[in-house]
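To start, the structure under review is shown below, and the notes come after it.
Chains as they are written, first to last, in my numbering: chain C, 81 to 331; chain A, 233 to 632.
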C-alpha cells in the first residue's frame with residue numbers, strides 16, 4: 081500500500097474525457113514523477129488530489145483516508161502541501177511573514193482567532209522560520225517584500241513555506257517551468273537535498289526530462305487521460321510505448 | 233508598553249496627547265479675531281472627529297487589512313444608534329449600558345449580513361453590502377416605524393417607560409445622558425486672554441473610548457489574526473493551500489468592524505440622544521470609505537486623519553459664505569473683489585464637496601497611500617536631506 085492511492089479516477093469536462101480510469105500508487109518516502117504530453121491530464125489529476133476538483137468516478141486515498149469532497153485547506157491539514165507552477169506566495173508580506181503563516185496553520189489549525197497576542201512574541205515559531213530560511217539560503221532576505229524578489233527566490237520561498245509544515249506528501253506542479261538552466265539545477269539540488277534529509281514523499285509533475293530523470297524513483301507516463309506505463313526511470317527511457325506517445329512527438 | 237513595540241507605543245502616546253489636548257490645538261485663533269471661524273475646538277465638532285475616527289478605524293480593519301470593500305457600514309452605525317436610544321428610553325440615561333448594547337446588536341447584525349455577503353468577493357461583495365444597507369435604510373423608514381419612529385427619528389420623550397431614573401428630570405424636563413452622573417452635555421469654559429477653550433465631558437468620554445478602540449486596533453494589526461487578514465488580501469489561493477480557511481477570518485474581521493461602527497453609533501446617540509434613518513444611507517457608508525482612503529487604507533493612523541480632515545471641511549469650509557469672502561477680499565478694488573469671490577464661491581459654503589472631491593482626487597492620484605504617505609514622504613525628504621548633508625560632510629572632510 082502506498083501513502084497515496086488513486087483508484088479508477090475519471091473526470092469529464094463536458095464532452096472531453098480529461099481523465100479515464102487512472103490508477104496510481106505512490107510509495108512512502110519515494111519521489112514519483114508523472115509525465116506526459118500537453119493535455120494528457122496531469123494538472124487535472126493533481127487538482128483532483130488537492131481538492132480543487134472532485135473526480136466523477138473513483139477514489140483517492142491519502143494515508144488511509146479519502147480526500148474526496150474535502151476542501152483544499154482540509155487536505156493540507158491532512159499533510160499534503162502543494163507547490164504551484166507559478167509561485168503562489170503572499171506578495172504583500174515580508175519573507176518572514178510568509179514563513180510564519182504556514183507555521184500558524186500547522187500549530188493552530190484552519191482557523192483560530194488570535195487577535196490580541198503579538199506576532200513578535202511567538203519566539204519559538206520565529207526561530208523555526210529562521211532556521212528553515214537558513215536551510216534554503218534566504219535568511220538574509222527575511223525582511224524583504226516577497227513580491228519584489230526574483231522568480232527563483234519566490235520558488236524557493238514557496239518550497240520553504242511548504243516544507244516548514246513538514247508535510248507527508250509534497251506535490252510539485254512543474255517546479256522548474258520557465259526557469260533558466262542554472263535555476264533549474266539549483267532547484268534539482270534543493271529537491272535532492274530535501275529528499276535525502278527528510279522523511280517525505282514527493283509527487284512531481286514535470287515537462288523537463290532532465291529534472292524527472294535526476295529526481296524520480298518511479299515514473300508514470302500519462303497520455304490522453306490514462307496511464308500508459310509505470311516503471312523505474314531506466315526502463316522508461318527506452319520503452320516503445322512511451323517513445324510513441326510522448327518522446328516520439330518531439331522528434 | 234501595553235504589549236506594543238516602541239514605534240507603536242510612540243504612535244499611541246502621540247495620538248493620546250493630541251486627542252486629550254484637542255480643545256487647545258483645535259482653537260488656535262483668538263475668539264474675537266477674523267480667523268475664529270477656523271477654530272474647530274467646540275464640543276460638537278470635536279465629538280464628531282473622534283466618533284467618526286472610531287468608525288473609520290473599524291472600517292479599516294476590514295477594508296485596510298482584508299481588502300474587502302464594504303459599502304454598507306453605515307447600517308451598523310445606524311443600528312448602534314437605535315439600540316442606544318432604545319436603551320435610554322427603556323433602561324436608564326447612563327451611556328454605558330447603551331453603548332454596550334449597541335456594540336452587541338451591531339455585532340450580531342454584522343454577523344448575519346457578513347455571513348451572506350462574504351459568500352462573494354470583490355465587486356459582488358461590495359454590491360451585496362450596499363444592498364443590505366439600503367434595505368435596512370428603507371425598512372427603517374417604512375415597515376419598521378414602530379422601532380425606528382420613521383422619518384421623525386427615534387428620540388427621548390417625556391413619557392418613556394424608563395426603569396432607572398424615571399421619565400422626567402427633577403426640573404420637569406427630559407433627562408440628559410450621563411455616565412454615572414457625569415452629564416455628557418456639561419462643559420467647562422476656560423478663557424486665556426482673548427482665547428477661549430471649552431472642555432466638554434462628552435468629548436473626553438468619546439476621546440477615551442477612541443483611544444481604547446485605537447489601542448485595540450493596533451493589537452489586532454500586530455496579532456497573528458491581523459497577519460492572516462493581510463494574507464487574505466494578498467493571496468487567497470496560497471491561504472487555502474496552506475491549510476487555512478479564509479472564510480471565518482474575513483467574517484471575524486467583518487463582525488469586528490461592524491462592532492466598531494456600532495460603538496461609534498452608540499456614542500453618537502449618547503452625545504445627542506436621537507437616531508434617524510439617514511445615518512444608514514449609502515452616502516454615509518461612502519463617507520467612511522472616503523475617510524479611510526483619504527487618510528491611508530491599511531495604515532494605523534490614516535483613518536483617524538481622514539475622518540478628521542473630512543469632518544473639518546464639512547463643518548468649517550461649509551461655513552464660509554459670500555459675505556465672509558467679501559470680508560476677506562475687501563482690500564481689493566471693487567470689480568476684482570467681485571471676480572475673486574465669484575471664482576472662489578463654488579469651492580466654499582455649500583460647494584465644499586467640490587473642494588473635498590478635488591483633494592480626494594489629488595490624494596488618490598499622487599499619494600495612493602493617503603495622507604499618511606504624504607507625511608512619510610515629507611519625513612523622508614527631511615531625513616534624506618540630513619543624510620545627504622552628513623554624507624557630503626564625510627566626503628568633503630578628507631579633502632580639507
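All C-beta atoms in this analysis are idealised placements derived from N, C-alpha and C, irrespective of residue type, glycine included.
With a cut-off of 8 Å on the beta carbons, I'd call residue i and residue j a contact; round off their distance for me.
| i | j | result |
| --- | --- | --- |
| residue 181/C | residue 170/C | 7 Å |
| residue 456/A | residue 262/A | No, residue 456/A and residue 262/A are not in contact; Cβ-Cβ is about 51 Å, not under 8 Å. |
| residue 469/A | residue 185/C | Actually they are not in contact, since the Cβ atoms of residue 469/A and residue 185/C sit about 14 Å apart, beyond 8 Å. |
| residue 208/C | residue 183/C | 6 Å |
| residue 512/A | residue 368/A | 5 Å |
The beta strand (DSSP E) with residue i in it runs from where to where?
| i | result |
| --- | --- |
| residue 105/C | 96-106 |
| residue 416/A | That residue, residue 416/A, is in no beta strand (DSSP E); it is neither H nor E in DSSP. |
| residue 311/C | 306-311 |
| residue 302/C | 298-303 |
| residue 283/C | 281-285 |
| residue 90/C | 84-93 |
| residue 136/C | Taken as a continuous stretch (DSSP letters only), residue 136/C belongs to no beta strand (DSSP E), as it is neither H nor E. |
| residue 113/C | 111-115 |
| residue 151/C | No beta strand (DSSP E) holds residue 151/C; DSSP gives it neither H nor E. |
| residue 520/A | Element bounds for residue 520/A: not the beta strand (DSSP E) but the alpha helix (DSSP H), 514-527. |
| residue 249/C | 249-253 |
| residue 163/C | 160-163 |
| residue 294/C | Residue 294/C -> not in any beta strand (DSSP E); alpha helix (DSSP H) instead, spanning 289-295. |
| residue 377/A | Looking at the DSSP string, residue 377/A is not in any beta strand (DSSP E); the run it does join, the alpha helix (DSSP H), is 377-380. |
| residue 429/A | 427-432 |
Let me check you understand the geometry: is the CB of residue i closer than 7 Å to at least one non-hydrogen atom of the ligand ZN?
| i | result |
| --- | --- |
| residue 347/A | This structure simply doesn't include the ligand ZN, nor any ligand for that matter. |
In the DSSP assignment, find the alpha helix (DSSP H) that holds residue i and state where it starts and stops.
| i | result |
| --- | --- |
| residue 49/C | This structure does not reach residue 49/C, given that chain C is present from 81 up to 331, and the question cannot be answered. |
| residue 61/C | No statement about residue 61/C is possible, as the shown extent of chain C runs from 81 to 331 and does not include it. |
| residue 466/A | 456-466 |
| residue 349/A | 327-349 |
| residue 489/A | 478-503 |
| residue 241/A | 238-252 |
| residue 579/A | Element bounds for residue 579/A: n/a, residue is neither H nor E. |
| residue 123/C | 122-130 |
| residue 358/A | 354-373 |
| residue 315/A | 306-322 |
| residue 284/A | 275-298 |
| residue 408/A | Here residue 408/A belongs to no alpha helix (DSSP H), and DSSP marks it neither H nor E. |
| residue 556/A | 554-560 |
| residue 541/A | 534-548 |
* To do: Anything in the stretch 239-258 of chain C with a Cβ closer than 8 Å to a Cβ of chain A? List those residues in chain order, please.
  => Answer set for the stretch 239-258 of chain C: 241, 245.
* **Selection of the stretch 449-461 of chain A by Cβ proximity to chain C, strictly under 8 Å** => The stretch 449-461 of chain A vs chain C, Cβ under 8 Å: 451, 452, 454, 455, 456, 457, 458, 459, 460.
* Asked: Are the stretch 496-505 of chain A and the stretch 277-288 of chain A touching by the rule of at least three beta carbon pairs closer than 8 Å?
  -> With three or more CB-CB distances shorter than 8 Å, the stretch 496-505 of chain A counts as touching the stretch 277-288 of chain A.
* Asked: Do three or more CB pairs link the stretch 303-313 of chain A to the stretch 332-342 of chain A at distances below 8 Å?
  -> The answer is yes - the stretch 332-342 of chain A touches the stretch 303-313 of chain A, with three or more Cβ pairs under 8 Å.
* Output, in sequence order along the chain, the residues in the stretch 173-191 of chain C whose CB is closer than 9 Å to any CB in chain A. => Among the residues of the stretch 173-191 of chain C, those with a Cβ less than 9 Å away from any Cβ of chain A are 173, 177, 178, 180, 181, 182, 184, 185, 186, 188, 189, 190, 191, in the order of the chain.
* To do: For the stretch 145-153 of chain C and the stretch 422-436 of chain A, state whether three or more C-beta atom pairs, one from each stretch, are separated by less than 8 Å.
  => Touching, no.
* **Three or more C-beta pairs below 8 Å linking the stretch 508-526 of chain A and the stretch 395-404 of chain A** => As far as the Cβ criterion goes, the stretch 508-526 of chain A does not touch the stretch 395-404 of chain A, which means the pair count is below three.
* To do: Compile a chain-ordered list of the residues in the stretch 288-300 of chain A whose CB is closer than 9 Å to at least one CB of chain C.
  => Residues: none.
* Asked: Does the stretch 521-533 of chain A come close enough to the stretch 270-281 of chain A to have 3 or more Cβ pairs within less than 8 Å?
  -> Here the stretch 521-533 of chain A does not lie against the stretch 270-281 of chain A, with fewer than 3 beta-carbon pairs under 8 Å apart.
* **Segment contact flag, the stretch 296-306 of chain C with the stretch 106-113 of chain C, C-beta cutoff 8 Å, min 3 pairs** => Enough Cβ pairs lie closer than 8 Å, so yes.
* Asked: Would the stretch 84-92 of chain C and the stretch 132-140 of chain C be scored as touching if the rule is three or more Cβ pairs under 8 Å?
  -> Here the stretch 84-92 of chain C makes contact with the stretch 132-140 of chain C; the two share three or more CB pairs at distances below 8 Å.
* Asked: Going along the stretch 478-506 of chain A in order, which residues come within less than 7 Å of chain C, judged by CB to CB distance?
  -> In summary, the residues of the stretch 478-506 of chain A whose CB is separated from some CB of chain C by less than 7 Å are 480, 481, 484, in the order they occur in the chain.
* Do three or more CB pairs link the stretch 247-255 of chain C to the stretch 274-286 of chain C at distances below 8 Å? -> Yes, the stretch 247-255 of chain C is in contact with the stretch 274-286 of chain C.
* To do: Say whether the stretch 289-308 of chain A touches the stretch 477-493 of chain A, bearing in mind that this needs 3 or more beta-carbon pairs closer than 8 Å, one atom from each stretch.
  => Enough Cβ pairs lie closer than 8 Å, so yes.
* Asked: Are the stretch 297-306 of chain A and the stretch 353-370 of chain A touching, with three or more C-beta to C-beta distances below 8 Å?
  -> Judged by Cβ distances under 8 Å, the stretch 297-306 of chain A makes contact with the stretch 353-370 of chain A, as three or more pairs qualify.
* **Complete alpha helix (DSSP H) runs within the stretch 166-216 of chain C (minimum length 4 residues, chain order)** => Counting only runs of 4+ residues, the alpha helix (DSSP H) found wholly inside the stretch 166-216 of chain C occupies 175-188, 203-215, in chain order.
* the stretch 505-512 of chain A touching the stretch 572-583 of chain A, judged by at least three CB pairs closer than 8 Å -> With the cut-off at 8 Å, the stretch 505-512 of chain A and the stretch 572-583 of chain A do not touch.
* Touch check for the stretch 318-327 of chain A and the stretch 406-415 of chain A: three-plus C-beta pairs under 8 Å? -> Output reads yes: the stretch 406-415 of chain A touches the stretch 318-327 of chain A.
* Interface positions of the stretch 191-219 of chain C facing chain A (Cβ-Cβ less than 7 Å), listed along the chain -> Result list: 191, 193, 194, 195, 196, 197, 198, 199, 200.
* Does the stretch 233-250 of chain A come close enough to the stretch 439-449 of chain A that 3 or more CB-CB pairs lie under 8 Å? -> Yes: at least three Cβ pairs fall under 8 Å.
* Determine which residues of the stretch 116-131 of chain C have a Cβ less than 8 Å from any Cβ of chain A, and write them out in chain order. => Under the 8 Å Cβ criterion, the stretch 116-131 of chain C contributes 130.
* Below 7 Å between beta carbons is the criterion; list the residues of the stretch 462-476 of chain A that meet it against any residue of chain C, in chain order. => For the stretch 462-476 of chain A, which is checked against every Cβ of chain C, the residues closer than 7 Å are 462, 463, 465, 466, 467, 469, 470, 472, 473, 474, 475, 476.
* Residues of the stretch 235-269 of chain A with Cβ closer than 9 Å to any Cβ of chain C, in chain order -> In summary, the residues of the stretch 235-269 of chain A whose CB is separated from some CB of chain C by less than 9 Å are 235, 236, 237, in the order they occur in the chain.
* To do: Give, in chain order, every residue of the stretch 142-153 of chain C whose Cβ lies closer than 7 Å to some Cβ of chain A.
  => Correct list: 152, 153.
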